[in-house]
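Trainee:
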Amino acid sequence: MRRLMIAAAFAVLAPAAFAQERGFSPAIESAIEEVNPRLIAWRRDIHQNPELGNRETRTAALVARHLRALRFDEVRTGVAHTGVVGILRGGQPGPVIALRADMDALPVTEEVDVPFRSQVRTTYNGEEVGVMHACGHDAHVAILMAAAEVLARRREEIVGTIMFIFQPAEEGAPQGEEGGAELMLKEGLFRDMRPEAVFGLHVGNQEGGRIYVGAGGMMASSDAWRIVVRGRQTHASRPHEGIDPITIAAQITQALQLIPSRQINAVDTPVIVSVGRIRGGVRSNIIPDSIELWGTLRTLNNDAREDAMARIRRTAEEIAQASGATAEVSWDPGNYPIMVNDAGASERGADAIRRALGADLVSPGRPVMGAEDFAFFANETPGFYFRLGVNAPGVTDAASNHSPRFYIHEPALENGLRAMLAVALDRVAPNAFAATAGAGQSGE
């Protein structure tokens, strides 16, 4: 009955695709049908018990217990604080590939009315906050756990080795800590076993069950900066006796917007400079000594990235100097590079997904200015990162990721599982696809 309900939900989204034959062998199809209820149960459990970056102890224990129950050849825990890495060796030697899911939640108080709504609260950067899987990482973990079960039960048919990476702190490590993909690599994740390709997915507020694919720069770099404007404190009634860092900071804030809009060719590359926080002063009648500004720089082009960095520094320093103040610009060492999908891995992966799902459910993906630390993995070995729409049928204005109202239509997750299995099986068990899938559904 559940299988029929899921099929019916997707039939509303893409009836033509569901009129076609599925792209996997009967054995894989049966395994997907069997694991799907557990995928949903895992997702709800993780959603109800979210954990912030470098603190995903419960989630990591759930994952490690699952991989050990599947008799994985290796299960490593405590990687980059709370990460879990599972190694599944097939029945025959062959290529090594990696599949990745991120585990951390966000300091967001949930507003979605579901029975498994998060009630968790914790302390983040010294403040009490709610905690919510507002970016969908609960779905990512559940999908990869389900993929692990399907693949482990067919391990004798696998030609090669699959590395399952359950990564902490994708949203960034707590202040003063390292974390995420960068730390996993720093600790030697790919040193002894380097995959020929690494794959990941991300859910988002797009058409439910649809997969979005693309090559090249697909997600922007994210460089966090801090500017400290130092003036000279004085009484608000005698501004001429001091140097007002607040008015200078206001000038800098305005001038930073001229960098992408007036100084960089928007046709060649998008650049976004944002000011997200300003702090300074203690009283309404005291002009303070200093003001601090925090913000980010985002771009899809490394040359533009370096150019914009230099322009931000020059803009802040010279505006401050013109008023007799100083401005110190510093960059967060935990910045994210551009997330680039390898052309060959993307083309092959997208074709495998079409074989598994049908071409009608696969669409070109557009680059976005959000950042993703999967970029560190993709810088080490060819990567393919795709997106899964999770909107309910007919919904076109759903809340985006990081919103307290972000909602996942759970039947869409089955297609995420199918897509993840497709990119993996294409590399290590191509016979797992149905013999009729290639010609009729590739879209070629």
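Residue numbers for the sequence shown follow the numbering used here, beginning at 145 and rising by one. Don't be surprised by glycine CBs; every beta carbon is placed ideally from N, CA and C.
How about serine 103 and threonine 305: are their beta carbons less than 7 Å apart?
Mentor: Coverage of the chain is limited to positions 145 through 588, which leaves residue 103 absent and any answer about it impossible.
Trainee: Count the other CB atoms within 10 Å of the CB of methionine 247; is the residue buried (16 or more) or exposed (fewer)?
Mentor: The sequence position of residue 247 within the sequence shown is 103, counting from 1. Buried: at least 16 other Cβ atoms inside 10 Å.
Trainee: Just to confirm my understanding: we take serine 547, look at its own chain, exclude 5 residues before and 5 after, and list those with CB closer than 7 Å. What are they?
Mentor: Indexing the sequence shown from 1 puts residue 547 at position 403. Taken in chain order, the residues that qualify are Ala278.
Trainee: Which whole runs of the alpha helix (DSSP H) in the stretch 161-197 are 4 residues long or more, in chain order?
Mentor: The stretch 161-197 contains these whole alpha helix (DSSP H) runs: 170-192.
Trainee: Over the uninterrupted beta strand (DSSP E) stretch that includes glutamate 272, give me the two end residues.
Mentor: Taking the sequence shown and counting its residues from 1, the one referred to as residue 272 is at position 128. Taken as a continuous stretch (DSSP letters only), the beta strand (DSSP E) holding glutamate 272 covers 271-274.
Trainee: Of the choices Ser434, Trp438, Tyr480, Ala471, whose alpha-carbon is the least far from that of asparagine 446?
Mentor: For the purposes of this step, residue 446 is taken as residue 302 along the sequence shown, with counting starting at 1. Residue Tyr480 is the option with its Cα nearest to asparagine 446.
Trainee: How is the beta strand (DSSP E) around serine 490 delimited, first residue to last?
Mentor: Position 346 of the sequence shown, counting from 1, holds the residue named residue 490. From DSSP, serine 490 is part of no beta strand (DSSP E) but of the alpha helix (DSSP H) over 487-501.
Trainee: Going by C-alpha to C-alpha distance, which of Ala579, Ser544, Ala576, Pro574 sits closest to histidine 346?
Mentor: Taking the first residue of the sequence shown as 1, we reach residue 346 at position 202. The residue with the shortest Cα to Cα distance from histidine 346 is Ser544.
Trainee: Going by Cα to Cα distance, which pick from Glu516, Gly270, Arg406, His553 is closest to glycine 320?
Mentor: By one-based count along the sequence shown, residue 320 stands at place 176. Minimum Cα distance to glycine 320 is reached at Gly270.
Trainee: What first and last residue would you give for the beta strand (DSSP E) that runs through alanine 576?
Mentor: Counted from its first residue, the sequence shown places residue 576 at position 432. Where alanine 576 is concerned, there is no enclosing beta strand (DSSP E), given that its DSSP letter is neither H nor E.
Trainee: Beta-carbon within less than 8 Å of glutamate 326's beta-carbon, same chain only, minus the 5 sequence neighbours each way: which residues are those?
Mentor: Locating residue 326 in the sequence shown gives position 182, where the first residue counts as 1. These residues qualify, in order along the chain: Gly478, Asp517, Phe520.
Trainee: What does the Cβ neighbour count give for proline 574, buried or exposed, with the cut at 16 atoms within 10 Å?
Mentor: One-based indexing of the sequence shown puts residue 574 at position 430. Proline 574 comes out exposed.
Trainee: For alanine 455, tell me which candidate among Ala576, Ala489, Ile416, Ala205 has the shortest Cα-Cα distance.
Mentor: Walking along the sequence shown from the start, residue 455 turns up at place 311. Per the sequence shown, residue 455 should be read as arginine rather than alanine. The candidate whose alpha carbon is nearest that of arginine 455 is Ile416.
Trainee: Is it buried or exposed, glycine 509, if we count other Cβ atoms within 10 angstroms and call 16 or more buried?
Mentor: Taking the sequence shown and counting its residues from 1, one reaches residue 509 at position 365. Result: buried.
Trainee: Count the C-beta pairs between the stretch 426-433 and the stretch 332-342 that are closer than 8 Å, then say yes if the count reaches three, no if not.
Mentor: With a cut-off of 8 Å, the stretch 332-342 and the stretch 426-433 do not count as touching, because too few Cβ pairs lie within range.
Trainee: Could you check the C-alpha separation between glycine 386 and alanine 283 for me, to the nearest Å?
Mentor: The sequence position of residue 386 within the sequence shown is 242, counting from 1. The sequence position of residue 283 within the sequence shown is 139, counting from 1. Taking the straight line from one Cα to the other gives about 55 Å.
Trainee: Check whether the Cβ atoms of glycine 361 and valine 534 sit closer than 7 Å, and answer yes or no.
Mentor: The sequence position of residue 361 within the sequence shown is 217, counting from 1. The sequence position of residue 534 within the sequence shown is 390, counting from 1. Result no, Cβ atoms of glycine 361 and valine 534 do not sit closer than 7 Å.
Trainee: Quick one, which of Val223, Glu178, Met363 has its alpha-carbon nearest threonine 413's?
Mentor: Counted from its first residue, the sequence shown places residue 413 at position 269. Comparing Cα-Cα distances from threonine 413 to each of Val223, Glu178, Met363, the minimum goes to Met363.
Trainee: Going by DSSP, name the residue or residues bridged to glutamine 311.
Mentor: As a working mapping, residue 311 is identified with position 167 in the sequence shown. Glutamine 311 pairs with Asp246.
Trainee: Helix, strand or coil: how does DSSP classify methionine 289 here?
Mentor: For the purposes of this step, residue 289 is identified with residue 145 of the sequence shown, where counting begins at 1. Correct three-state label for methionine 289: helix.
Trainee: Quick one: any contact between the stretch 465-478 and the stretch 368-384, if contact means 3 or more CB pairs under 8 Å?
Mentor: Touching, per the Cβ criterion.
Trainee: Work out the CA separation of isoleucine 287 and glycine 227 for me, nearest whole Å.
Mentor: As a working mapping, residue 227 is identified with position 83 in the sequence shown. As a working mapping, residue 287 is identified with position 143 in the sequence shown. When rounded, the distance between both Cα atoms is 16 Å.
Trainee: What residues in its chain sit with their C-beta under 7 Å from that of phenylalanine 528, if we drop five residues either side in the sequence?
Mentor: The residue labelled residue 528 in the question sits at position 384 within the sequence shown. Around phenylalanine 528: Ala341, Phe343, Asn485, Asp486, Ala489, Ser490, Gly493, Val567.
Trainee: Is DSSP giving leucine 565 helix, strand or coil here?
Mentor: Within the sequence shown, the letter at position 421 stands for residue 565. In this structure, leucine 565 counts as helix in the three-state DSSP scheme.
Trainee: Okay, do the stretch 217-232 and the stretch 307-316 touch, 3+ Cβ pairs below 8 Å being the bar?
Mentor: Verdict: yes, contact present.
Trainee: Is arginine 531 closer than 7 Å to tyrosine 356 when the C-beta atoms are compared?
Mentor: As a first step, residue 356 is located in the sequence shown; it is residue number 212 there, counting from the start. As a first step, residue 531 is located in the sequence shown; it is residue number 387 there, counting from the start. Yes.
Trainee: Can you check whether the CB of isoleucine 482 is closer than 7 Å to the CB of leucine 444?
Mentor: The residue labelled residue 444 in the question sits at position 300 within the sequence shown. The residue labelled residue 482 in the question sits at position 338 within the sequence shown. Yes. Within cutoff.
Trainee: Among Val207, Gly238, Glu200, Pro237, which one has its Cα closest to the Cα of alanine 224?
Mentor: Numbered from 1 along the sequence shown, position 80 holds the residue referred to as residue 224. The residue with the shortest Cα to Cα distance from alanine 224 is Glu200.
Trainee: Please identify the residue among Ala359, Glu558, Gly238 whose C-alpha is closest to the C-alpha of methionine 337.
Mentor: Here the question's residue 337 lines up with position 193 in the sequence shown. For the residues Ala359, Glu558, Gly238, the minimum Cα distance to methionine 337 belongs to Gly238.
Trainee: Here's a check: name, in chain order, each residue in its chain whose Cβ is nearer than 8 Å to the Cβ of leucine 329, leaving out the five neighbours to either side.
Mentor: Here the question's residue 329 lines up with position 185 in the sequence shown. Only Phe520, Phe521, Glu524 meet the Cβ criterion.
Trainee: Tell me the DSSP secondary structure of glycine 420 in three-state form.
Mentor: Position 276 of the sequence shown, counted from the start, is the residue given in the question as residue 420. In the structure shown, glycine 420 sits in a strand (DSSP, three-state: E or B).
Trainee: Would you kindly check if the distance between the Cβ of alanine 249 and the Cβ of methionine 276 is under 7 Å?
Mentor: If you number the sequence shown from 1, residue 276 lands on position 132. If you number the sequence shown from 1, residue 249 lands on position 105. For methionine 276 and alanine 249, yes; Cβs fall inside 7 Å.
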